[in-house]
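Okay, so here's the structure we're looking at.
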Amino acid sequence: MGNKAGKLAKEKLHHPSFFYEGVKAAHEGRYCTSEIYFENALESHPGREFWVKLHKGMNVVDTIVKHVNENDSEVNKTICTEDTTLELFLDERANHVLDYIRLSMDIMHTYLSLSPNRVNGGIALGYCMSICRGTRDLNHLLTIWAREAGKSFMSPEMVANTVNPFKKVMNENKGEECVALCTVVTTICLFQSTIQHYWICACINYCILSLQFAEHLEGRSQLKHRGRVYANVIDLASAAMYNLQELSNRLEYTNAAKDLKARMPKVTFTPFLSENLTSENGLHYQATETNTRCSKQSTRDVKPSIFTTSTVTQPFFYQGRRVNVDSKLSPYVREDPPIRLVVKTQVSRESLARIRSAGKRDTYFYLAWFFKRSVSIVPGHSLHFLRKDLPYYVVKLESLCKKSTRGLGSVETDMTSIIIDRDLNSPSDFFQGVRLKLNSDEDEGVKDKATENETGGNENHLIAMEVCETVNTDDRGAQDEVKTNLQNYENVYLNFKDDTTLRLLTIEEAFLTQSIFAFIKAKILKRKKYFEDAERLNEFVRSTSANFYGTSSHEVEFLFNIESYINI
143 MGNKAGKLAK EKLHHPSFFY EGVKAAHEGR YCTSEIYFEN ALESHPGREF WVKLHKGMNV
203 VDTIVKHVNE NDSEVNKTIC TEDTTLELFL DERANHVLDY IRLSMDIMHT YLSLSPNRVN
263 GGIALGYCMS ICRGTRDLNH LLTIWAREAG KSFMSPEMVA NTVNPFKKVM NENKGEECVA
323 LCTVVTTICL FQSTIQHYWI CACINYCILS LQFAEHLEGR SQLKHRGRVY ANVIDLASAA
383 MYNLQELSNR LEYTNAAKDL KARMPKVTFT PFLSENLTSE NGLHYQATET NTRCSKQSTR
443 DVKPSIFTTS TVTQPFFYQG RRVNVDSKLS PYVREDPPIR LVVKTQVSRE SLARIRSAGK
503 RDTYFYLAWF FKRSVSIVPG HSLHFLRKDL PYYVVKLESL CKKSTRGLGS VETDMTSIII
563 DRDLNSPSDF FQGVRLKLNS DEDEGVKDKA TENETGGNEN HLIAMEVCET VNTDDRGAQD
623 EVKTNLQNYE NVYLNFKDDT TLRLLTIEEA FLTQSIFAFI KAKILKRKKY FEDAERLNEF
683 VRSTSANFYG TSSHEVEFLF NIESYINI
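In this note's numbering, the protein residues as written are 143 to 710.
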């Protein structure tokens with residue numbers, strides 16, 4: 143639950159102190175200072191080393207030796223192994239890997255929470271691109287590992303097995319009790335689902351910002367560049383649907399995954415690079431993440447990365463002033479990447495990473511900035527959704543209702559986790575009122591009205607980072623405190639130590655985020671007059687939500703009328 147307004151709960155956010163200094167500087171409009179603080183926060187984070195090595199490994203030249211031959215010398219084997227393998231330990235280091243991305247997401251969210259203008263939107267766009275690329279690559283390596291090295295216990299039979307067949311699993315080397323394989327599988331599933339959740343949230347934010355940018359373009363090439371943005375968004379949305387299909391395949395033993403898979407439209411997308419890629423809407427463009435004009439990279443194409451060691455020399459502030467719609471975010475990956483992930487699955491019970499479940503976070507926290515009404519939802523509350531796969535939950539609720547002296551009511555009275563603010567928001571358009579020319583060399587800064595309020599008191603204070611603490615909100619009232627408390631809560635009647643429960647909640651969270659992406663893609667398809675394809679996406683969201691939550695639920699009411707909540 144949330145803290146009282148005005149208190150800065152650093153010990154619960156677990157971010158470096160530089161982060162809070164960066165938030166303060168960003169609210170005061172001191173962008174270069176804020177970026178230096180944020181870079182220092184990223185540099186000092188214990189999870190950075192993993193992401194830097196991943197970034198270097200995925201971007202090496204193709205001539206690197208990727209496989210060791212039997213005739214190679216021991217020295218060459220050692221060098222090759224160090225250069226081409228990335229180790230993931232399922233202890234606290236796995237939490238550090240995820241927390242580094244959470245820190246990056248919170249920095250992105252900082253700028254999206256400020257006054258909408260071109261600089262804030264451009265800086266946030268830079269973070270979106272970096273987060274998307276890193277999480278996309280790690281998700282791909284995890285998938286390869288599960289297919290190759292993890293066959294022994296990542297098979298469908300092992301994934302479906304949530305019962306520990308052994309009372310104790312001992313580590314032969316240290317004599318410590320290790321966790322059961324089914325628990326290790328669950329930890330890997332939670333890790334990958336968290337990576338995918340951050341990826342899709344950053345992708346959706348990137349798409350919304352890109353669409354806002356494209357709508358304000360001027361000049362002869364306006365339609366051409368807007369078409370490129372549309373093509374990019376469609377491919378990213380298709381990649382998200384592909385990930386949802388893969389998740390439903392992994393968890394197909396659950397009723398929720400079966401229902402989801404049965405209603406999912408046909409996915410023809412493939413994430414692997416090919417020589418002549420064509421997007422689903424028939425537009426041809428390069429699948430690389432470089433300038434689509436194939437020209438030499440200019441100062442307007444600054445692409446800072448949170449995974450390199452030189453971002454301070456070119457802070458994201460410059461990206462914010464030189465937004466270039468030609469900088470395409472590719473959903474494609476190499477089928478045979480030059481680096482392999484090795485997951486260390488043997489871990490003691492005391493050391494196993496405690497990865498936060500989807501049922502303990504607000505699914506729409508990082509997306510709420512473009513909603514017309516504030517919407518929060520936490521998976522794991524709908525009885526209609528849970529009763530099919532979690533019979534213990536229904537029995538527990540019935541027992542509580544019978545014993546209750548507080549009038550809990552009937553177990554048939556469905557619970558909901560969705561909270562919708564009655565008051566209308568003013569959705570942030572970060573490029574509204576700005577006359578944009580794609581090749582402009584102007585460096586005088588931002589020309590929109592929102593800039594006038596940057597250095598003064600910003601009214602859009604930063605809400606707590608995905609959990610419930612409030613940051614820098616001394617002047618918030620009691621009403622906002624109550625809203626913060628309600629936005630993030632978990633179903634205390636669920637057993638968060640149960641493997642089936644934890645995996646089931648990842649399905650619900652993935653569907654809720656995919657619904658937003660499906661709506662965005664459907665809107666673009668309608669603009670391009672692909673009405674049948676758009677209707678198939680809308681029907682997928684409507685039918686699946688009705689099956690998951692029941693036709694009279696608050697969740698269905700929201701998802702059926704999603705167009706009235708989202709500003710695109």
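Glycine included, each C-beta is placed from N, C-alpha and C at the ideal position. Model, not experiment: these values are computed from the prediction.
Per DSSP, the unbroken beta strand (DSSP E) holding E229 starts and ends at T227 to F231.
Around the beta carbon of E632, a 10 Å sphere encloses 16 or more other beta carbons of the protein chains shown; the residue is thus reported as buried.
Distances from the CA of K408 to each of L679, E697 and S685 were compared; the closest alpha carbon is that of L679. CA-to-CA, the gap between L230 and S541 works out to about 42 Å.
Spanning the alpha carbons of E697 and T558 requires a straight line of approximately 8 Å. By alpha-carbon distance to I243, the top candidate from F192, D640 and E290 is F192. In terms of Cβ geometry, P533 and E650 do not form a close pair [threshold 8 Å]. Beta-bridge pairing by DSSP links K486 to F231. Nearest neighbour of S257 by Cα position, chosen from E677, A168 and I519, turns out to be A168. Inter-residue distance for K670 and V371 is about 13 Å (C-alpha atoms, whole angstroms).
For S518, the enclosing beta strand (DSSP E) starts and ends at R515 to S518. Looking at the DSSP output, V475 shares a beta bridge with F414. Annotation: the continuous alpha helix (DSSP H) that includes R260 extends over R260 to R289. A straight line joining the alpha-carbon of I286 with that of R482 spans about 8 Å. By the neighbour-count criterion, in which a residue is buried when 16 or more other Cβ atoms sit within 10 angstroms of its Cβ, E181 is buried.
Straight-line measurement puts the Cα of E163 at about 33 Å from the Cα of L654.
Taken atom to atom, the span from the alpha-carbon of R278 to that of S335 is near 12 Å. In this chain, M406 is not harboured by any alpha helix (DSSP H), its DSSP state being neither H nor E.
L280 sits away from P479, with the two beta carbons spaced by 8 Å or more.
Within the same chain, and ignoring the five residues on either side of D641 in sequence, the residues whose Cβ sits closer than 7 Å to its Cβ are T304, C324, T325 and T328. Here DSSP, grouped into helix, strand and coil, assigns I562 to strand. Residue range Y173 to E185 is occupied by the alpha helix (DSSP H) that includes L184. 8 Å or more divides the Cβ of L184 from the Cβ of L267. Listed in chain order, the non-local C-beta contacts of L389 below 8 Å within the same chain comprise S335, Q338, A399, T648, I649 and A652, local neighbours out to five positions each way being set aside.
K195: member of the alpha helix (DSSP H) spanning R190 to M200, first to last residue.
Per DSSP, C331 has no beta-bridge partner at all. Apart from sequence neighbours up to five positions away, the residues of its chain that approach N637 with a beta-carbon distance below 6 Å are T643, ordered along the chain. Per DSSP, the unbroken alpha helix (DSSP H) holding M383 starts and ends at Q364 to R392.
Counting other Cβ atoms within 10 Å of its Cβ, N391 stays below 16 and is therefore classed as exposed. Here the alpha carbons of F700 and T693 stand approximately 11 Å from one another. Separation of R235 and K486 (C-alpha to C-alpha, rounded to the nearest whole angstrom) is 11 Å.
Inclusion of N709 and F512 in the CB contact set at 8 Å is warranted, their separation being smaller than that value. Here L359 carries a strand assignment [DSSP, helix/strand/coil]. The beta carbon of H157 sits closer than 8 Å to the beta carbons of A183, L245, D248 and M607 from its chain, once the five residues preceding and following it are set aside; these are given in chain order. For N680, the enclosing alpha helix (DSSP H) covers residues F673 to Y691. Straight across, the Cα-Cα distance linking I178 with F160 is about 9 Å.
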